[in-house]
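If you want the numbering used here, it's the 1-based position in the sequence shown plus 233.
All C-beta atoms, glycine included, are put in the ideal place defined by N, C-alpha and C.
Notes follow once the structure below has been shown.
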Amino acid sequence: MKHLLSGQKYIISSENDTFASMKKARLTVIRRTLLALLLAGVFVVRCCPGAGEWYALRLYPSLSYTLSFLASAVPFSLDEVLVLATVTGIVVGIPWARWKGVRWKRIGGVVGEAALWMYVWFYWGWGMNYFRDSLYARAGVTPAAYDEAQFRRFLADYTQRLNDAYIPSFSIGQVQVRDSLRTAFCRVPSRYGLSRPAAFQHPKRSCCNALYSGVGVLGYMGPFFAESHLNHDLLPQQYPFTYAHELSHLLGVSSEAEANYWAYRMCISSSDACIRWSGYFGLFGYVAVNARSALSETDYAEWLQTVRPEVKSLYLEQRSYWHAKYSPLLGTLQEQLYHFYLKGNNIPSGRKNYAEVIGLLLSLPEETALSRTREN
């Protein structure tokens with residue numbers, strides 16, 4: 234009788250194991266099928282004209298709202314937690330699996346699939362904004378061809394406004410800056426295809442801030458949980474421009490030039506003198522880069538003489554401040570990696586894209602852009 238019961242238990246146990254194996258196999262098939270569909274979706278959006286804009290207008294607003302709402306429940310960055318957990322899993326998990334006797338083929342399969350899930354999460358969460366229409370197309374304008382006379386007029390007008398906007402002391406709180414600029418972004422017409430900012434979408438504080446200062450990163454967009462991040466070491470005059478830049482990324486802007494464009498436009502349209510000053514001063518470095526390449530050495534030196542001495546002094550102090558925190562080895566590595574990252578995501582100019590904001594400003598006259606911003 235005991236042998237019969239033992240046999241029955243063995244049969245039942247075998248059936249349970251078989252059922253569990255079949256269930257696990259079905260779940261694996263479902264998971265990998267879903268992964269394949271999501272990967273296919275990324276390549277469709279990457280390759281099909283108009284698909285990126287459809288994503289940015291139809292899917293991204295709801296996705297970013299949901300992700301950032303969930304992330305707002307905690308004060309720390311979920312994007313950083315995810316990345317650090319992934320790196321830790323690779324560094325610790327692979328040796329542990331080998332110690333347990335897991336074959337390299339099995340380890341490679343698990344790591345490969347995890348990498349693909351991170352890839353699709355990155356693009357479906359935010360990254361497919363890289364494949365949307367340019368600001369030129371969305372605004373319905375043709376990029377302005379370089380015209381020296383036009384550039385000189387822009388340079389003279391900008392310099393006069395920069396000098397007039399200068400303030401000796403910066404006195405506005407970060408909360409006031411965020412509230413003011415979120416309100417400004419809410420007035421941007423829908424034709425430009427930006428999402429609407431939500432009150433709970435506050436920039437997150439990084440737990441690796443020293444590293445970001447060491448490579449010269451003032452802020453960045455977290456693509457996995459729709460979180461914007463600002464460097465803790467930002468100087469007061471940098472905060473409004475950098476916040477607006479990163480907020481525009483959160484609202485669906487991928488181009489660094491366009492992010493600078495919106496940061497500048499939103500800041501200089503503010504009723505607060507501190508925010509306006511941050512907008513003009515935040516653009517100064519990019520204007521100088523373009524002026525150096527477009528003008529002769531003599532003309533460039535003459536232009537610099539027209540810039541208010543206090544502005545130049547503050548700019549040099551700011552450069553020295555960040556230079557003291559900068560690590561040449563890590564900074565150079567990060568710059569090269571980010572350059573190739575941008576080139577691989579529909580931004581052929583790579584890191585030079587930041588300075589291309591001047592082309593946007595020349596193609597979209599301020600009076601036109603600001604009047605459109607006041608629509609709605």
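Would you kindly check if the distance between the Cβ of Phe433 and the Cβ of Leu480 is under 9 Å? no
State the DSSP-derived secondary structure class of Leu463, mapped to helix, strand or coil. strand
Bridge partners for Gly452 per DSSP, in chain order? Leu463
Check for me: the alpha helix (DSSP H) holding Gly564 runs from which residue to which? Pro561 to Lys576
Proximity winner among Leu468, Arg331 and Val344, relative to Thr319 (alpha-carbon distances): Val344
Three or more C-beta pairs under 8 Å: does that hold for the segment 457 to 472 against the segment 291 to 306? yes
Buried or exposed for Tyr445, going by 16 or more other Cβ atoms inside 10 Å? buried
What's the C-alpha gap between Val540 and Glu381? 20 Å
As a quick exercise: from Leu562, Met361, Ser428 and Arg265, pick the residue whose alpha carbon is nearest that of Gly283. Met361
Counting only runs that start and end within the segment 396 to 444, where is the alpha helix (DSSP H) found for 4 or more residues in a row? 407 to 419
Report the option in Trp354, Leu593 and Glu550 whose CA atom is closest to the CA atom of Val275. Trp354
Would you check if there are 3 or more beta carbon pairs closer than 8 Å linking the segment 461 to 477 to the segment 507 to 524? yes
Does the separation of the CB atoms of Phe384 and Tyr288 fall below 9 Å? no
Taking DSSP as the reference, what is the three-state secondary structure of Gln458? Reading off the sequence, residue 458 comes out as Phe, not Gln. Phe458: coil per DSSP, three-state reduction.
Residues that Phe628 bridges to, as DSSP identifies them: Nothing can be reported for residue 628: it is not among the residues displayed for the chain, which extend from 234 to 609.
Compare the Cα-Cα distances from Ser526 to each of Ala490, Ile591 and Phe474 and report the closest residue. Ile591
Simplified DSSP state of Thr606, which is helix, strand or coil: Summary for Thr606: the model assigns pLDDT 43, below 50, so the residue's position carries little reliability; its value from the coordinates is reported in the next sentence. Three-state result, Thr606: helix.
I'd like the list of long-range same chain contacts for Asn396, defined as Cβ closer than 6 Å, with 5 residues on each side in sequence excluded. Arg541
Mind checking whether Gly485 and Tyr356 have CB atoms under 9 Å apart? no
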